[in-house]
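A quick write-up on the structure given underneath.
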Amino acid sequence: MTNLETQIIALIWTVVKIVCIVLPLMICVAYLTYAERKVIGYMQLRIGPNRVGWFGLLQPIADAVKLLHKEIIQPTLSNHYLFAVAPILSIAPALAAWAVIPFMPNVVLADINAGVLYLFAMSSIGVYGILIAGWASNSKYPMFSAMRSAAQTISYEIAMGFAFVGVLLAAGSMNLQTIVLAQQGGIWHWYALPLFPLFIVYWISGVAETNRAPFDVAEGESEIVAGFHVEYSGMPFGIFFLAEYANMILISTITSLLFLGGWLSPFEHIPLLGKLTSFIPGIVWLLAKIAFLLFVYLWMRATFPRFRYDQIMRLGWKFLIPVALVWLCLVAVAVVVKFPPWFN
Amino acid sequence: MLNAFPTTLVVFYAFAALLIASAFMVILSRHPVQSALYLVLAFFASAALWIMMQAEFLGLILILVYVGAVMTLFLFVVMTIPMHTIPIDKTRLLYIGYGSLVLVLFLGVMAKIIHPLNHIVFQLNNFQAPGISGATAIGESLYTTYVFPFEIAGFLLLVAIIAAISLSWKTDRRKIINDVSAQVNVKAKDRLKIVKMKAEKPQQDSTEPVQHD
Chain A
20 MTNLETQIIA LIWTVVKIVC IVLPLMICVA YLTYAERKVI GYMQLRIGPN
70 RVGWFGLLQP IADAVKLLHK EIIQPTLSNH YLFAVAPILS IAPALAAWAV
120 IPFMPNVVLA DINAGVLYLF AMSSIGVYGI LIAGWASNSK YPMFSAMRSA
170 AQTISYEIAM GFAFVGVLLA AGSMNLQTIV LAQQGGIWHW YALPLFPLFI
220 VYWISGVAET NRAPFDVAEG ESEIVAGFHV EYSGMPFGIF FLAEYANMIL
270 ISTITSLLFL GGWLSPFEHI PLLGKLTSFI PGIVWLLAKI AFLLFVYLWM
320 RATFPRFRYD QIMRLGWKFL IPVALVWLCL VAVAVVVKFP PWFN
Chain B
207 MLNAFPTTLV VFYAFAALLI ASAFMVILSR HPVQSALYLV LAFFASAALW
257 IMMQAEFLGL ILILVYVGAV MTLFLFVVMT IPMHTIPIDK TRLLYIGYGS
307 LVLVLFLGVM AKIIHPLNHI VFQLNNFQAP GISGATAIGE SLYTTYVFPF
357 EIAGFLLLVA IIAAISLSWK TDRRKIINDV SAQVNVKAKD RLKIVKMKAE
407 KPQQDSTEPV QHD
């Protein structure tokens with residue numbers, strides 16, 4: 020029954036689904052920049068943007084229009100082709116990763132068995148945008164930034180991988196839906212509890228992978244101006260910006276799925292509270308968890324000073340990786356002996 | 207009724223063509239960074255081909271390990287080479303000798319693999335036995351049938367790591383390594399000295415008032 024018509028219908032259906040994921044994501048990115056400026060503003064006793072629209076709500080749109088109008092400048096001695104490709108390489112993995120994210124039971128674009136591996140692969144190739152942008156600019160600061168970013172990503176990817184392995188061991192599957200469903204039964208069944216050290220390790224390396232404060236040495240405004248996108252202007256710069264924020268939302272979503280029970284309600288199987296909150300659809304819980312983690316991102320940025328380079332390396336190699344390795348062994352033992360109440 | 211569009215075939219030939227073209231560009235490109243990036247593209251295309259053979263675990267691991275980690279480090283090194291292209295050496299005849307030796311060895315291995323009597327490649331399909339995912343099948347064969355080769359390979363890598371560290375380690379480099387506990391335990395009074403002193407009179411003849419903030 021595979022003729023041309025069914026194939027075309029399937030193609031259109033897939034494109035519609037992709038639009039349904041990417042469009043809200045882009046709106047979330049726009050309003051995440053607004054939220055960041057507001058939250059950090061209030062944390063620093065300022066008001067933040069309040070001029071464009073009601074409470075400044077149209078500020079992200081004004082910013083986007085401004086970026087679209089700006090001239091795109093290409094340095095004469097840059098590598099023209101790679102200079103143009105770098106922003107695309109940076110946004111493509113950030114968007115492609117969303118293909119395997121389950122928003123609700125069976126609400127997922129591609130329900131593949133190696134979902135976790137796919138996510139890890141996508142987040143590990145995000146660094147190419149920065150590396151290539153830094154090199155193709157043919158400029159000193161972008162080059163420094165590319166070097167810093169490469170070293171940082173390699174170091175934190177290992178810790179991140181171990182955190183993933185811990186979740187795989189506990190859930191016994193690489194399918195994201197199975198992993199979420201393995202955390203059923205209320206808030207104390209979420210993997211954030213039995214895998215608490217891995218949860219923290221994953222979160223720290225996730226922040227480091229997205230080059231956000233306090234791990235933003237790749238951008239380091241006060242040292243190397245803005246790092247890899249110094250030479251970019253207009254919308255190519257805007258795309259780097261989009262990719263960074265899309266990656267923040269992605270890391271928050273993965274953390275919610277792997278450690279905070281995804282779309283599951285925290286009040287499951289609690290006598291009264293569970294009944295009362297059972298009408299709330301799962302997507303609301305997922306969005307609430309993502310929003311909380313994004314707030315933590317902004318909170319960290321407003322709180323911590325930037326790490327020094329050697330401190331970043333020490334934290335990654337001498338603290339996160341040993342902690343993850345030790346906890347991995349403990350989880351393996353717990354899974355084998357079916358340690359209650361999480362692994363029975 | 208129109209005939210179905212041969213999606214699988216088209217995707218296969220597109221990625222196969224991309225793989226061969228980028229593999230050629232790795233050696234034809236004169237610039238090391240471009241060569242490395244073409245190699246990344248080649249890894250990508252072969253990962254896509256593996257995923258088409260339903261070896262999704264292998265394909266994603268290829269992207270993860272080679273594209274995500276190995277090639278990032280490789281680019282890290284190659285990018286420090288200056289922008290100008292590397293001139294062809296006079297000793298290239300020597301390279302042709304080495305190259306053809308490697309080529310003969312490689313072709314020999316390929317001939318053995320592709321030979322219908324030992325279809326190693328097509329055994330990949332066996333990973334798709336019902337109920338067993340690629341990861342489980344690979345894990346089982348690695349830790350049972352091939353446990354000794356696997357462990358020996360791991361041990362060799364460990365030896366290589368220790369060798370690399372001991373080669374690059376010099377005792378006098380320790381001087382620039384910070385003592386973390388000393389940094390953490392430092393008190394304000396070790397670094398800062400507060401001196402009490404009397405306020406001095408402002409100069410009488412100054413025209414401007416003294417600024418206070």
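Quick mapping for you: the protein sequence lines, in order, are chains A and B.
The number in my numbering is simply the position in the first sequence, starting from 1, with 19 added.
The number in my numbering is simply the position in the second sequence, starting from 1, with 206 added.
Cβ atoms here follow ideal geometry from the backbone N, Cα and C, with glycine treated the same way.
Quiz item: Would you call MET285 (chain B) buried or exposed, if buried means 16 or more other Cβ atoms sit within 10 Å of its Cβ?
Solution: Flag for MET285 (chain B) reads buried.
Quiz prompt | chain A residues whose Cβ lies nearer than 8 angstroms to that of VAL386 (chain B) | solution = ARG333
Quiz item: Between ARG70 (chain A) and the rest of its own chain, which residues show a CB-CB distance below 8 angstroms, the 5 nearest in sequence each way excluded?
Solution: By the criterion of a C-beta distance shorter than 8 angstroms, ARG70 (chain A) is surrounded in its chain by GLN78, once the five residues flanking it on both sides are discounted.
Quiz item: What number of angstroms, rounded off, separates the C-alpha of GLY75 (chain A) from the C-alpha of PHE311 (chain A)?
Solution: 22 angstroms
Exercise. Check whether the Cβ atoms of GLY335 (chain A) and ALA227 (chain A) lie closer than 9 angstroms to each other.
Key: yes
Exercise. Have a look at A:VAL104, A:PHE278, A:ILE120, A:ALA29 and flag the residue whose alpha-carbon is nearest the alpha-carbon of LEU44 (chain A).
Key: A:ILE120
Quiz item: If we cut at 9 angstroms on Cβ distances, does VAL216 (chain B) have a partner in chain A?
Solution: no
Quiz item: For PHE356 (chain B) and chain A, any beta-carbon pair shorter than 9 angstroms?
Solution: no
Practice problem: Say whether the region 260-276 of chain A touches the region 345-359 of chain A, bearing in mind that this needs 3 or more beta-carbon pairs closer than 8 angstroms, one atom from each stretch. | Solution: The region 345-359 of chain A and the region 260-276 of chain A do not touch, with fewer than three beta-carbon pairs separated by less than 8 angstroms.
Practice problem: Taking C-beta pairs closer than 9 angstroms, name the residues in chain A that GLU262 (chain B) reaches, listed in chain order. | Solution: ILE131, ASN132, ALA133, LEU136, TYR137
Exercise. May I ask which residues mark the beginning and end of the alpha helix (DSSP H) holding ALA250 (chain A)?
Key: According to the sequence as given, residue 250 (chain A) is Glu; it is not Ala. Run containing GLU250 (chain A): none; DSSP gives neither H nor E here.
Self-check item: Neighbour list for ALA375 (chain A) in chain B, Cβ cutoff strictly below 7 angstroms
Solution: Lying before the first or after the last residue shown, residue 375 (chain A) is absent from chain A, which here runs from 20 to 363.
Quiz prompt | Contacts of PHE282 (chain B) in chain A (Cβ-Cβ under 9 angstroms) | solution = In chain order: LEU150, ALA165, MET166, ALA169, ALA170, ILE173.
Quiz item: Leaving out five residues before and five after ALA201 (chain A) in sequence, what residues of the same chain have Cβ atoms less than 6 angstroms from its Cβ?
Solution: ALA190
Quiz item: Beta-carbon separation of TRP346 (chain A) and GLY185 (chain A) under 9 angstroms?
Solution: Taking the C-beta atoms as reference points, GLY185 (chain A) is found nearer than 9 angstroms to TRP346 (chain A).
Quiz item: Within the 9 angstroms Cβ cut-off, does ASN331 (chain B) reach chain A?
Solution: Note on ASN331 (chain B): pLDDT 49, under 50, position unreliable in the model; the coordinate value appears next. No, no contact with chain A.
Quiz item: Opposite VAL126 (chain A) in the DSSP bridges: which residues?
Solution: A:MET123
Quiz prompt | Residues that LEU279 (chain B) contacts on chain A, provided the C-beta gap is smaller than 8 angstroms | solution = ALA169, ILE173
Quiz item: Under 9 angstroms, do ALA152 (chain A) and ALA182 (chain A) count as touching if we go by C-beta distance?
Solution: no
Quiz item: Does the Cβ of TRP256 (chain B) have 16 or more other Cβ atoms within 10 Å, making it buried, or fewer, making it exposed?
Solution: buried
Practice problem: Would you please verify whether the beta carbon of LEU188 (chain A) is less than 9 angstroms from any beta carbon of chain B? | Solution: no
Quiz item: Does the ligand GTP have a heavy atom nearer than 8 angstroms to the CB of ILE110 (chain A)?
Solution: Absence of the ligand GTP is noted for the structure shown, with no ligands found whatsoever.
Self-check item: Whether GLY293 (chain A) touches VAL199 (chain A) by CB criterion (9 angstroms)
Solution: 9 angstroms or more divides the Cβ of GLY293 (chain A) from the Cβ of VAL199 (chain A).
Quiz prompt | Where ASN391 (chain B) sits in the DSSP three-state scheme | solution = helix
Practice problem: Taking C-beta pairs closer than 9 angstroms, name the residues in chain B that GLN26 (chain A) reaches, listed in chain order. | Solution: ALA210, PHE211, THR213
Quiz prompt | Closer than 9 angstroms to chain B by CB, SER143 (chain A) | solution = With 9 angstroms as the cut-off, SER143 (chain A) counts as an interface residue toward chain B.
Quiz item: In chain order, what residues of the same chain have a beta carbon less than 7 angstroms from the beta carbon of GLY204 (chain A), not counting five sequence neighbours either side?
Solution: GLU287, HIS288
Quiz item: By the 10 Å Cβ neighbour count, where 16 or more other Cβ atoms means buried, how is LYS308 (chain A) classified, buried or exposed?
Solution: When all chains shown are included, LYS308 (chain A) counts as buried.
Self-check item: Residue from A:VAL244, A:SER252, A:ALA133, A:HIS208 with nearest C-alpha to GLU90 (chain A)
Solution: A:SER252
Practice problem: Kindly say whether LEU101 (chain A), judged by its beta-carbon, lies nearer than 9 angstroms to any beta-carbon of chain B. | Solution: yes
Self-check item: Residue from B:GLY265, B:ARG236, B:HIS321 with nearest C-alpha to ILE344 (chain B)
Solution: B:GLY265
Practice problem: Check the C-beta distance from LEU339 (chain A) over to ALA178 (chain A) and give it rounded, since I have them as a contact under 8 angstroms. | Solution: 4 angstroms
Quiz item: According to the Cβ coordinates, are PHE361 (chain B) and LEU348 (chain B) closer than 9 angstroms?
Solution: no
Practice problem: Examine the Cβ distances between the region 265-274 of chain A and the region 313-324 of chain A and report whether three or more of them are shorter than 8 angstroms. | Solution: yes
Exercise. Grab me the residues of GLY67 (chain A)'s own chain with a C-beta within less than 6 angstroms of its C-beta, minus the 5 sequence neighbours each way, in chain order.
Key: ARG56, LYS57, GLY60
Quiz item: Counting contacts by CB-CB distance shorter than 9 angstroms, is GLY360 (chain B) in contact with chain A?
Solution: no
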